[in-house]
Amino acid sequence: MLIALCGDKGAPGVTTSTLAIASAWPEAAIVVEASPAGGDLAIRLRPKGSVLPEAPTVLSVVTASRGADGTDAVANHSHVLNSTTRVVPGPASAEQFSNIGDWAPLADALGRSSVPVFADLGHLHAASATIAVAARADLVVVVSRPDMPSVVRVRERLIRAATHLARMRGAAPRLFPLLVSTSRHGQADVADLGAVLAETPARPFLVDAGFLAHDPAAVRRLQAGEEPAGRLARTALMRTARTVVDQIERIAKVPAHATAGSASEAGS
Ligand SMILES: Nc1ncnc2c1ncn2[C@@H]1O[C@H](COP(=O)(O)OP(=O)(O)OP(=O)(O)O)[C@@H](O)[C@H]1O
Ligand SMILES: [Mg+2]
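In case it helps, my numbering puts the sequence shown at residues 5 to 272.
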């Protein structure tokens, strides 16, 4: 299973949300940082108090995926963060990403991984290098903040993503808006966003919507490699991440054609 997470200008939270949701996944999961602007995980993560080794990175997966046997290229080129979560950090600079050229083999390797992959695609638009990964994904999570400028942006982003991904896939994409909010306001924020999106062409492609709590202390603990099923599970960040995981698991059980509108609806 491949879950892609992306965002838009001025609505930070994609990398952190990817990490939180993958860590809340009940079994093994891999975070792949494929944000063309450059990676943050190699700088932020400190499992067992140590920085991650310089390699492998997502560039190692790209190289392996071009070879004859890319079946477990992702798992074979990942680092351990905690007992269930592995990570493939992105290279620190955008220049190193620009060497990738063709992203299709990477998209294919991520899609074929035997361990569920949560891929951070950074800011996504039609001309993004990572659009091939979004088109291959089983679900595209679009991260936003709940303030009005961010909601206006995410609305436009979802409409464009629905149209573009439907054309690329020749089938309906499944889109999931995710707000970085608070435990207190998250549900109301999601309801408000639902009202904003109700009459848009993106509506048939929205399979659900949810929120993660803004919880800086829990983010720090997660980045330090603390076990997500231990005391960290009681934090607002991980409780809301588990709810999002439940939502994603429900979506994954339903065949794609039964959960979203048709490609022609998005293209019209
Ligand atoms: N749920 C959260 N709780 C607390 N802090 C958060 C949360 N989500 C994001 N942040 C903080 O916001 C900042 C930006 O988040 P993050 O790096 O995840 O955003 P991004 O969309 O990946 O940004 P970029 O465009 O730079 O890749 C970081 O300092 C991160 O710790
Ligand atoms: Mg990021």
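Where is the CB? At the ideal position from N, CA and C, for every residue including glycine.
As the structure is a prediction and not an experimental result, all values here were calculated from the model.
By the 16-neighbour rule on beta-carbons within 10 angstroms, D106 is exposed. Remark: the C-beta of V18 is in contact range of ligand 2, defined as less than 7 Å to any heavy atom. Between ligand 2 and G126, a heavy atom-to-CB distance of less than 7 Å is present. The Cβ atoms of R50 and Q227 sit closer than 8 Å to each other.
Boundaries of the alpha helix (DSSP H) harbouring V62: V62 to R70, taken from the DSSP string. With a contact defined as Cβ atoms closer than 8 Å, A79 and V119 qualify at about 5 Å.
Rounded to the nearest whole angstrom, the C-alpha separation of L216 and M242 is 8 Å. When DSSP states are grouped into helix, strand and coil, D250 belongs to the helix group. The residue among S132, P181, P208 and W29 with its C-alpha nearest the C-alpha of A233 is W29. Scanning its chain for C-beta atoms nearer than 6 Å, with the 5 sequence neighbours on each side dropped, one finds around S187 the residues A217 and A240, in chain order. With fewer than 16 other Cβ atoms from the protein chains shown falling within 10 Å of its own Cβ, G53 counts as exposed.
About 14 Å separates the CB atoms of R149 and V200; that is not less than 8 Å, and the two are not in contact.
D44 has its CB nearer than 7 Å to a heavy atom of ligand 2. Per the coordinates, the alpha-carbon of M152 lies some 25 Å from the alpha-carbon of A131. When DSSP states are grouped into helix, strand and coil, G11 belongs to the strand group. For V92, the Cβ stays outside the 7 Å cut-off from all heavy atoms of ligand 1.
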